[in-house]
Every structure is written in C-alpha cells, then in structure tokens.
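First to last, the sequence lines map onto chains A and B.
Using the working numbering, the first residue of the first sequence is number 1, and each one after it goes up by one.
Using the working numbering, the first residue of the second sequence is number 1001, and each one after it goes up by one.
Heads up, the beta-carbon is just placed ideally off N, CA and C, and yes, glycines get one too.
Here the structure comes first, spelled out in structure tokens, and everything after it is commentary.
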Amino acid sequence: MTGRHPLHCILPPYMLKSICSNSSGARQRAALASIVGTARMRSRRQALVIPGAKVEAATLAAVKLRRVYTAENGPALPGRLVRQEGDPPSADPAVNEAYDGAGSTYDLFWQAYERDSLDGSGMALESTVHYERAYDNAFWDGKQMVYGDGDGELFNRFTAALDVIGHELTHGVTQYTSNLNYSSQSGALSESYSDVFGSLVKQKQRGQAASEADWLVGQGLFTTKVNGVALRSMKEPGTAYDDPILGKDPQPAHMRDYVVTLEDNGGVHVNSGIPNHAFFLIAVAMGGYAWEKAGKIWYAAGRDRFPSNTDFQGAADLTFQVAGELYGGGSDEQQAVQYGWESVGITIGAQSQAQPNPSGCSVVPLTALRALIRRPVAG
Amino acid sequence: MKIDFDRSGGVAGMRLALMLDTESLPVDEAFHIAKLVEGAGFFELVQGFSGAAPAPDRFEYRLTIESQIWGRNAVVLAESAVPVEMRPLLDHLTALAMRGARLDNADGPGERTAP
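Structural data, given as structure tokens:
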C-alpha cells in the first residue's frame, strides 16, 4: 500500500474517515484505500484452508477496485474510462450493471471464501461495455471483462444478467487457480465452474437458499421474441429454451447423454450441463445457502486440487475428497457430494483420466474415504 | 461458390450455421459475397486450424468455401485470431445465418442446422 498516495502515511484514521465522508473522487478513494490498508496491517483474517493445502496469498482485509470503460461500439480495449471505484452511478445502465455486478462477484469471493479479487491479491476488476456493434456475447479476455450490447432481436445487453457477469469473472478466478484447459471435459468443467459461481453470486445477492433459487443462468438476456427463459438451467439442463431461431437447449444432465463434438472446443458449453446438474443436486441436498457449503467445497477443490486437465471423474473424486477434509469423512456433506455425482452417472473412485495433482499436495486414497461413507444397505 | 459456415461458442454456447451456393442467390448478393471472400484473403489462409489457444466464451468459426476459380479451403478460426480483413465476410455470413434462421421459422425447415 505504499506510494499510491501521500494520504496513506500521514493522516490519522479519524481524519481519513472524515475525508471519506466529506469528499469525493480521487481524494475519497485514496482515503478509503488508506483506511483499508491500515486495517489490513492490524487484523489478519483467517482464510479458508483445507488440511495440507497452500494458504491463500491474501488473507488480509480487502478493498474493491473497479473500473468500467466504454468501447463506444468499437473493437479497441479497454476503451474510455467512464466509472471507477467510488464514483456515483452513471446515466448508462450498462455501465452501472457492469460496476455493480463486478462488486457482487467480488463480495461473494471475499465474504464467502476470503479471496481478494480474481487473482487473490486484490487486482482491479476492469470491464468494458458497448463492445463492437450488436455484439451477441460477453467474455473474459484474460485481463478484463468485455460485454456486447446484443443485437436487440435475440439478445439484450449482456450486462443485464448478474450471473453472466459472475460467470465471466469466475473465468478469471479459474485462470489464476486451476487454469483448466478450455476444451472437452476440462473445458466443460471450466464452463460449469463459471456457471456455478455466477449462480452463487446471484443467489447471495438475492439472499436465496438453494431450494429457493431458480438455478437459471442468463435470465434476462433474451428479448421477448425468444421462446426461452435463460441460457442454461442447472436444475433442468436442456430446458432453458426451445426456439425456432436459436434451436433447443442442447445441454445434457447425465453422462449417458454426453455430447461428442468438435465444435465449441469440444462442446464446453453443452456438456457443462452434467457438472452443473451435479452441483445443483449437491447444493439442494445439503440445504441452506448454496455458497456456504457446496460452494466452499467447489471453491477449495478448484483452488487447490484441480489439475488443469481435470475431467468430470477427477472433479467428482476431488470434490468428494475435499468435502471429507472440510466436513469429515462420511459427513452428510460428503455423502451429498457422492449423491450428486452419482445421480449424473459418475461414481466416486471409478477409473479417472485425471493426472496426479501437480501442486504436490498429499492425496488421501479414495478407497480410505469411501470406507467411511455410510452406504445404503442393499435390499 | 459453395459456402459452409458455422459459428459456435460464446457465453450462450449457441450454434449458428449456414450452407449456401451463391449460384442460387440474386446476382447482386452473389457478387457482394464474392467480393467479401476475395477481400478476406480466405484462400490464402493456411488450411486447418488458424488461431490462438481457445479462450473462454469467445466464438469459434468454421468456414469451408469451394470456388471454381480459387479451389477449396477450410479453416477453423478462434475469434481472437480472426484477421481484420476476414471480419466483414464473417459478419455478413453471421447476419445471413440469422436471417436464414428466421426464414426457416416462416417457411419450415431450411438450410440452417439447429444446435
């Protein structure tokens, strides 16, 4: 926190707070950052740690740093800065949605998992809206978020759905953690990981328990001309839309319907329905807020255990393992994880294509954990 | 000239496809597409996959064109690696694919393939 502004080292906390209350713009931001920096030094917070895992780099109090740009319907990134941290709302709803959505995503990862931004070290969340003309997409480009306005015929602006904002920013988290290969099963797992945390951003913002949530991804992106409710349904993959122009939602919910294709990097947006549905089942089986237990298991597994080539079997085995480490072997939570994966056709401990964990973390043999599970008595 | 166009990926994960023979199009439209193909330098692209590593939620384009004059070429292009001169052709084919889907909607099954 050194060298960013002279306010940091000189003024006492009460004066910084006064500046925050009575000023605006750069001065207010500098004072706010200084207060938080001081708080960071004062109080270390306990990070989410699973036994044997590496400790999160940033375990201190954190501060959001958001910047929103406009590409003014051109291709250049990031474009012209239109709103940054602490600025009042813009007259442009896309700017505000990008700003607020980045904030809600930051809040989920910080408040639920004590992760300070996408890289775990407080990186700024940068977003560009109005990218290109009638652009029907949103993406994470490795450094920042990019949102199109939609064509207006099929799609509205892509900032309209909070879970899509969370989805894209989660690609950033994945980049800085498991860095899953973006093709075939590991790519579909990356897509699912983004859908999961995108949905959790929305659920937390709405204060919804797993049983109350709609588990839709991208609701509000379709115009009224489209026959569909959202891009995807984690609750019922394959039912989100059925439209003469867009076709039918192609997502499977079970391994028996896995789609083998060369398109879309091996169907990463299609087969993500399988781990999406597993997560939904696990979260509802556990009950309560999905981000608290199921989300924590997914987050810790993705952060510490998933190698970049994790396939669905590997994800099932590793989330089962992490559930045992966090909540106990044979716990209700671990059984819920097993139930969810087996419901989509993946048996814990079956032959896995995943490679050994490159982080070198010791891995408990799954057979040992499986022995702890209370299995139903065969009738 | 026969064109087989496909766009997949994007956060929506929806497939958009178009197959057309420019001989079946009005002359002005066929001429317009021929100019776009020539301007794109399409037949100078290396056949096969051209582009960067896959990037989350970007589009992926597959394009095969057969021409009596230029021969045949087929490429797969990651959105982030689309050459600037290819952009007008891809945008036009995307628009045609979406329009074709609407015509399908009005007239029954047509050339477009649903996801």
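Going by the beta-carbon positions, is the gap between residue i and residue j smaller than 8 Å?
| i | j | result |
| --- | --- | --- |
| alanine 112/A | glycine 295/A | yes |
| glycine 166/A | lysine 202/A | yes |
| leucine 221/A | alanine 134/A | no |
| tyrosine 147/A | phenylalanine 155/A | no |
| glycine 198/A | valine 164/A | yes |
| valine 1011/B | phenylalanine 280/A | no |
| phenylalanine 1031/B | leucine 1093/B | no |
| valine 344/A | isoleucine 282/A | no |
| arginine 1058/B | alanine 1078/B | yes |
| glycine 266/A | serine 211/A | no |
| methionine 145/A | alanine 98/A | yes |
| threonine 128/A | leucine 180/A | no |
| isoleucine 297/A | alanine 323/A | yes |
| leucine 216/A | methionine 1014/B | no |
Going straight from the alpha carbon of residue i to that of residue j, what length do you get?
| i | j | result |
| --- | --- | --- |
| alanine 290/A | isoleucine 346/A | 21 Å |
| valine 82/A | proline 75/A | 17 Å |
| glycine 101/A | glutamine 251/A | 26 Å |
| alanine 58/A | aspartate 116/A | Low per-residue confidence applies at alanine 58/A: pLDDT is 47, beneath 50, and the placement is therefore not dependable, though the value from the model is reported in the following sentence. In a straight line, the C-alpha of alanine 58/A is about 6 Å away from that of aspartate 116/A. |
| lysine 248/A | alanine 62/A | 43 Å |
| glutamate 263/A | serine 186/A | 15 Å |
| valine 1084/B | leucine 1063/B | 16 Å |
| alanine 240/A | glutamine 219/A | 9 Å |
| histidine 130/A | leucine 1096/B | 23 Å |
| phenylalanine 1042/B | aspartate 136/A | 24 Å |
| aspartate 257/A | tryptophan 341/A | 15 Å |
| glutamate 132/A | glutamate 1044/B | 26 Å |
| glutamine 208/A | glycine 349/A | 33 Å |
| proline 1088/B | asparagine 73/A | 16 Å |
| glutamate 168/A | lysine 143/A | 11 Å |
| threonine 170/A | proline 244/A | 31 Å |
| leucine 200/A | glycine 150/A | 24 Å |
| tyrosine 176/A | proline 307/A | 12 Å |
| serine 178/A | arginine 305/A | 8 Å |
| glutamate 114/A | threonine 1022/B | 57 Å |
Could you tell me whether the Cβ of residue i comes closer than 8 Å to any Cβ of chain A?
| i | result |
| --- | --- |
| methionine 1001/B | no |
| aspartate 1006/B | yes |
| glutamate 1066/B | no |
| glutamate 1060/B | yes |
| methionine 1086/B | no |
| alanine 1074/B | no |
| glycine 1013/B | yes |
| proline 1054/B | yes |
| asparagine 1105/B | Interpretation of asparagine 1105/B is limited by its pLDDT of 47, a score under 50 that renders its predicted location unreliable; the figure taken from the coordinates is listed afterwards. Judged by the 8 Å Cβ criterion, asparagine 1105/B is in contact with chain A. |
| leucine 1020/B | no |
| glycine 1048/B | no |
| glycine 1010/B | yes |
Shorter than 8 Å from the beta carbon of residue i to some beta carbon of chain B?
| i | result |
| --- | --- |
| alanine 138/A | yes |
| aspartate 382/A | Nothing can be reported for residue 382/A, as the shown portion of chain A is limited to 1 through 379. |
| serine 440/A | This structure gives no information on residue 440/A, because the portion of chain A shown stretches from 1 to 379. |
| tyrosine 395/A | Given a span of 1 to 379 for chain A in the structure shown, any question on residue 395/A remains unanswerable. |
| aspartate 141/A | yes |
| glutamate 168/A | yes |
| histidine 171/A | yes |
| valine 270/A | yes |
| serine 190/A | yes |
| valine 164/A | yes |
| serine 183/A | yes |
| leucine 231/A | yes |
| leucine 246/A | yes |
Please determine, among the options, the residue with the shortest C-alpha to C-alpha distance to residue i.
| i | options | result |
| --- | --- | --- |
| serine 314/A | Asp242/A, Tyr299/A and Leu189/A | Contrary to the premise, residue 314/A reads as glycine rather than serine in this sequence. The shortest C-alpha separation from glycine 314/A is found at Leu189/A. |
| proline 275/A | Thr310/A, Gly324/A and Lys248/A | Thr310/A |
| valine 268/A | Thr1094/B, Met1098/B, Pro1088/B and Pro1054/B | Pro1054/B |
| leucine 1020/B | Ala1012/B, Met1098/B, Met1001/B and Gly1009/B | Met1001/B |
| serine 272/A | Val344/A, Ser192/A, Tyr241/A and Ser233/A | Ser192/A |
| glycine 103/A | Ala91/A, Asp119/A and Glu126/A | Glu126/A |
| lysine 64/A | Thr70/A, Glu85/A and Gly79/A | Glu85/A |
| leucine 1000/B | Leu1090/B, Ile1069/B, Glu1023/B and Gly1048/B | Residue 1000/B cannot be examined here, being either before or after the span of chain B that is shown, 1001 to 1115. |
| glutamine 236/A | Ser308/A, Ser90/A and His254/A | Per the sequence presented here, residue 236/A reads as glutamate, with glutamine not at that position. Of the candidates Ser308/A, Ser90/A and His254/A, the one whose C-alpha sits nearest the C-alpha of glutamate 236/A is His254/A. |
| alanine 300/A | Phe312/A, Leu318/A and Ser308/A | Leu318/A |
| glutamate 153/A | Asp141/A, Thr224/A, Phe320/A and Pro244/A | Thr224/A |
| aspartate 332/A | Trp215/A, Arg303/A, Val270/A and Lys293/A | Lys293/A |
| serine 1067/B | Gly1048/B, Glu1038/B, Ala1017/B and Asp1028/B | Glu1038/B |
In the DSSP output, which residue or residues are listed as bridge partners for residue i?
| i | result |
| --- | --- |
| aspartate 1021/B | Lys1002/B |
| glycine 228/A | Tyr241/A |
| glutamate 1060/B | Ser1008/B and Ala1078/B |
| tyrosine 147/A | Ala138/A |
| arginine 157/A | For arginine 157/A, which the question treats as bridged, DSSP gives no partner whatsoever. |
| tyrosine 69/A | Leu81/A and Thr128/A |
| isoleucine 1065/B | Ile1003/B and Asn1073/B |
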